[in-house]
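A.B. asks: Pasting a structure here, questions to come.
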Amino acid sequence: MARTSSASKQDQKQRIADLREKINDCYVSTITDIERYAKEIIELATAVKDRNAEGLAFLDLSFYHCSSTNEYKKSLDCAQRGIDLLSGAQRTYYLPYYHLNRGRCFQFMGDQIRAQEEYLDAISILEKRKNRTVEETRWMGSSYYNAYILFNQGGMEFSREDFLERAYLLYQQIDDKPGLSNCYNSYASIHYKKKELPETLENLEQAYKLSSEMQAYTHMSIFSANIGLVHAQLGDVSKFREYFELCSKHTRKTKSRFHEAHMNGQMGEALFFLGMYDESLERLATAEEIFSELGAKSSLTEILRKRSEIYALQDNYRLAYEYHTRYAELIRERFNEEKATAIMRARMVYEIEEKENEAAILKEKNEEIQQYMNKLQASNNELQQFAYVVSHDLREPLRTISTYIKLLEKNMTGRLDREEQEFIDFVVNGTRNMNELISDLLTFSKISYITETEQVGLQQLVQSTANEIVLHYLPAKDPVIHIGKLPVIEANRTHMKQLFGNLISNAIKYNKHVQPEISIQCEDTGKMYTITVSDNGIGIAPEFRERVFQIFQRLHSKADYHGTGVGLAICKKIVDNMGGQITLRGNNRKGSDFIFTLPK
C-alpha cells in the first residue's frame, strides 16, 4: 500500500510539472487555457501538500483574470493568495512577478499611483539581481513597458520614453516576440501622435507580424484594430474592413471583455474618420458600456470625448454637452491623480538620492566586513592547518611509542616483574587514550568545516550504526535497541552517524545492566523533528545535566568508565550547527533521555 501511495504522489507531482509547461506555453498563445490548467494544479498541489506549486498557480490565475476575464479585484485576490502560499527561495524569486500583476490590475482600474508603486517595486527588485533568468528579464521588460504606458497616459510632459527604450532592449536581449511587438505598437503610437501615418503603419505591421508568429491572440487583437484605424484615416476602406474582420476573429479567441471594448472603440474612431457617424456612435456606446463595467477609467476618457465630438457635428448639443461634462469630470479626476503622480515622482527622486547616500555608507561598511572576513578566513586556514598538525605530527610520535612499547613487551616476555609490567601497561594505555583524545578533538574541530549535505534516511543509518555498536559490546553486554519510525532529512551523513553513534554507545557504556535497553523515537513538531534517545542506564544528576555537553567534562573516573569527555560535546556541536537544540532529562527507568531537534 505504501508503494502505491508513493507512486501515486510521484504521478501527481509529474502531472503538476507537465501542467506547468502547458501554462508557460499559454502565456504567449491562448491565455484562456491558463484557468483550467492552474485550477488542476491547485487541486493536485493541495493533495500532495506542495504550497509552492499551489501559490504559483494562483499567480497564474491572477494573470488570467487580469488579461482575459478582466476581473481585476479577483486578480488581486489571487495574486495575494499566491504570494502568501509561496515560501523561501520561491517567494523571493516570484515577488517581482507578484508586483507586476498587481500593477497591471491597478493600471486597468485607473489607480495610477498604486500601479506606479507596484511597477517600480518590481523594477527595484529585478535591477539588483545579477545573472537574471529569461523569465526575470521578461518581467523586467514588462514592468518598464507598463510603467512607460502609465506615464504616457498622463500626457507628453509625463512621458518616459527611456522606459520604453529600456523595455525594448530587455525584450531584444531574450528575443521576446510578444514584448517586442508591444514596443513596436508604442513606437507606432508616438508616430501617430505626430500624424506620421506611414511610420505608424510600418511599426504596427511589424508588431502584428511578430505576434502572429507566436499566435498571441491578445496582441493580435489590439494590433489589427490599430492597423484598421490607420487604414481608415488613409481612406483605404478595403484594408479597414480586412483588419477589423481579423480583429473580431482574434478578439473572440481571447474571450476578453477589455479587448472587445478596445476593438469597438477603435472601430468607432475609424468609422468617424470615414464619416459614418451613426455606426461610429454604436461602436463607441458598446466600448463605453464595457469600459464602465470594467472600471477602466483611462480608456473610458477618450470614448467620452469622441462621442461628444460626434454629437456636436450632428448638432445634438444636449448630448454633446452631457458627454463633454462627463469627459471633463474624468479629466479633472485624472488631473488630480497626475498631480499626485508628479509628487510621487519628486519623492522618488529624493528617495533615490537618499538611497545613494546610504549605498555609499553601506559600501564602506561592506569593505570593513570584507576585511574581517579575510581575517576570519585566515584564522580558519590556521585552524585547519592546526588540525592537520594534530592528526599527523602529534599522532606520529604516539604511533612510534606504541610500536616500540609493544616490541619491548614482546622481547621481555617472562622477564618482567609485576611492577615493570604495570609500567608497560601504563604506557600502552596512556598512548591509546591519547590517540583517542586526539581523534575526538579532530572530529570536534572539523564539524563546522564539513558542510556537504544530502538526503539521509535516518531509519537505515541508525539501524546499521546500532548493529555495529552492539557487536562491539558482545558478549559482555547484550543490548536491546528499539528504533521507531525515523524520517529522511537533509544532513551530513558522517555527522548523523557520529551523533547517533555517540548517544547509543554512551547508553550502553554507562549502564550496569547486562542487557541495556535503548529506545529511539521521533515526533514531527512542525518545522522540526524531535528525536528522543532513552536508556535505562545510570542516569545523570540534575546539577550535571548542562555540564555534560561541555568539552572534556567527565562525571566518572577512567577506572569506572573509559572515555575522553568529548563525545557529548560533539553531539551538541552537530545539533547546534544544524539549527537544532539538545537537552537532557531523567526518566522513570532511572536512566537518561537525550532529546534533540533536527530541521526538516
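In this note's numbering, the protein residues as written are 829 to 1428.
Glycine included, C-beta positions come from ideal geometry on N, C-alpha and C.
No experiment lies behind these values; they were computed from the predicted model shown.
1. Can you tell me whether residue 1314 is buried or exposed? The criterion is at least 16 other CB atoms within 10 Å of its CB, across all chains shown.
2. Counting beta carbon pairs with one atom in the segment 942-959 and one in the segment 906-916, are three or more of them shorter than 8 Å?
3. Do you know how far the Cα of residue 1394 is from the Cα of residue 881?
4. Evaluate contact between the segment 1107-1115 and the segment 1060-1077, counting only Cβ atoms and requiring at least three cross-stretch pairs below 8 Å.
5. Determine contact between the segment 1028-1043 and the segment 991-1003, defined as no fewer than three beta-carbon pairs at a distance below 8 Å.
6. In angstroms, rounded to a whole number, what distance separates the CA positions of residue 1063 and residue 1116?
7. Give the DSSP-derived three-state secondary structure of residue 1236 in the structure shown.
8. Report yes if the CB atom of residue 1335 is closer than 7 Å to the CB atom of residue 1363, and no otherwise.
9. Can you give me the C-alpha to C-alpha distance between residue 1139 and residue 1146, rounded to a whole angstrom?
10. Give me the Cα-Cα distance between residue 1056 and residue 1074, rounded to the nearest whole angstrom.
11. Leaving aside the five residues before and after residue 860 along the sequence, list all residues of the same chain whose C-beta is less than 6 Å from its C-beta, in chain order.
12. Buried or exposed: which applies to residue 1359, given that a residue is buried once 16 or more other Cβ atoms fall within 10 Å of its Cβ?
13. Given residue 928, which residues of its chain have a CB within under 8 Å of its CB, disregarding the five upstream and five downstream residues?
14. Could I get the ranges of all uninterrupted alpha helix (DSSP H) runs contained in the segment 917-997, with 4 residues as the minimum, in chain order?
15. Note down the Cα distance separating residue 944 from residue 1032, rounded to an integer number of angstroms.
16. Give the straight-line distance between the Cα atoms of residue 1191 and residue 1197, rounded to the nearest whole angstrom.
17. Going straight from the alpha carbon of residue 938 to that of residue 1128, what length do you get?
18. Assuming residue 1101 and residue 1060 form a contact by the criterion Cβ under 8 Å, report the distance between their Cβ atoms to the nearest whole angstrom.
19. Per DSSP, what kind of secondary structure is residue 1132 in: helix, strand or coil?
20. Apart from the five residues on each side of it in sequence, which residues of its chain come closer than 7 Å, Cβ to Cβ, to residue 1134?
21. Ordered along the chain, which non-local residues of its own chain (more than five positions away) have a Cβ less than 7 Å from that of residue 935?
22. Near residue 1425, which residues of its chain fall below 6 Å by C-beta distance, leaving aside the five closest residues on each side in sequence?
23. Cα separation between residue 1242 and residue 1254?
24. Rounded to whole angstroms, what's the CA-CA distance from residue 1170 to residue 899? Just pull it up for me.
25. Just the Cα atoms here: how many angstroms apart are residue 1379 and residue 1227?
26. For the structure I just gave you, are there three or more beta carbon pairs, one from the segment 837-846 and one from the segment 866-883, closer than 8 Å?
27. Taking only runs that begin and end inside the segment 874-915, name each unbroken beta strand (DSSP E) of 3 or more residues, in chain order.
C.D. replies: Quick look at the numbers:
1. The sequence position of residue 1314 within the sequence shown is 486, counting from 1. Buried.
2. no
3. By 1-based counting over the sequence shown, the position of residue 881 is 53. By 1-based counting over the sequence shown, the position of residue 1394 is 566. Roughly 45 Å separates the two Cα atoms.
4. no
5. no
6. Within the sequence shown, residue 1063 is the residue found at index 235, counting from 1. Within the sequence shown, residue 1116 is the residue found at index 288, counting from 1. Taking the straight line joining both Cα atoms gives about 26 Å.
7. Sequence index remark: in the sequence shown, residue 1236 carries index 408 (1-based). It is helical.
8. Looking up residue 1335 in the sequence shown gives position 507. Looking up residue 1363 in the sequence shown gives position 535. Yes. Within cutoff.
9. Counting from 1 along the sequence shown, the entry for residue 1139 is found at position 311. Counting from 1 along the sequence shown, the entry for residue 1146 is found at position 318. Whole-angstrom Cα-Cα distance: 8 Å.
10. As a working mapping, residue 1056 is identified with position 228 in the sequence shown. As a working mapping, residue 1074 is identified with position 246 in the sequence shown. Roughly 9 Å separates the two Cα atoms.
11. Position 32 of the sequence shown, counting from 1, holds the residue named residue 860. Excluding residues within five positions, the ones whose Cβ falls inside 6 Å are 896, 1083.
12. Against the sequence shown, residue 1359 aligns to sequence position 531. By the 10 Å Cβ count, residue 1359 comes out buried.
13. If you number the sequence shown from 1, residue 928 lands on position 100. Excluding sequence neighbours, residue 928 sits near 946, 947, 950, 967, 970, 971, 974.
14. 940-955, 962-980
15. Sequence index remark: in the sequence shown, residue 944 carries index 116 (1-based). Sequence index remark: in the sequence shown, residue 1032 carries index 204 (1-based). Going from the Cα of residue 944 to the Cα of residue 1032 covers about 26 Å.
16. In the sequence shown, counting from the first residue as 1, residue 1191 sits at position 363. In the sequence shown, counting from the first residue as 1, residue 1197 sits at position 369. Rounded to whole angstroms, residue 1191 to residue 1197 spans 10 Å at the Cα level.
17. Walking along the sequence shown from the start, residue 938 turns up at place 110. Walking along the sequence shown from the start, residue 1128 turns up at place 300. Whole-angstrom Cα-Cα distance: 10 Å.
18. On the sequence shown, position 273 is the one that residue 1101 refers to. On the sequence shown, position 232 is the one that residue 1060 refers to. Rounded, the Cβ-Cβ distance is 5 Å, consistent with contact.
19. Looking up residue 1132 in the sequence shown gives position 304. Residue 1132 falls in the helix class under three-state DSSP.
20. The residue labelled residue 1134 in the question sits at position 306 within the sequence shown. Answer for residue 1134: 1096, 1097, 1100, 1112, listed in chain order.
21. Along the sequence shown, one-based indexing puts residue 935 at 107. These residues qualify, in order along the chain: 943, 974, 978.
22. As a position in the sequence shown, residue 1425 is number 597, starting the count at 1. Cβ neighbours of residue 1425 beyond the five flanking positions: 1356, 1358, 1408, 1409.
23. For this step, residue 1242 is matched to residue 414 along the sequence shown. For this step, residue 1254 is matched to residue 426 along the sequence shown. So the two alpha carbons sit approximately 18 Å from each other.
24. Within the sequence shown, the letter at position 342 stands for residue 1170. Within the sequence shown, the letter at position 71 stands for residue 899. At residue 1170, the pLDDT of 49 sits below 50, so the modelled position is not reliable; the number obtained from the coordinates is stated separately. Roughly 29 Å separates the two Cα atoms.
25. Numbered from its first residue, the sequence shown carries residue 1379 at position 551. Numbered from its first residue, the sequence shown carries residue 1227 at position 399. Taking the straight line from one Cα to the other gives about 25 Å.
26. yes
27. none
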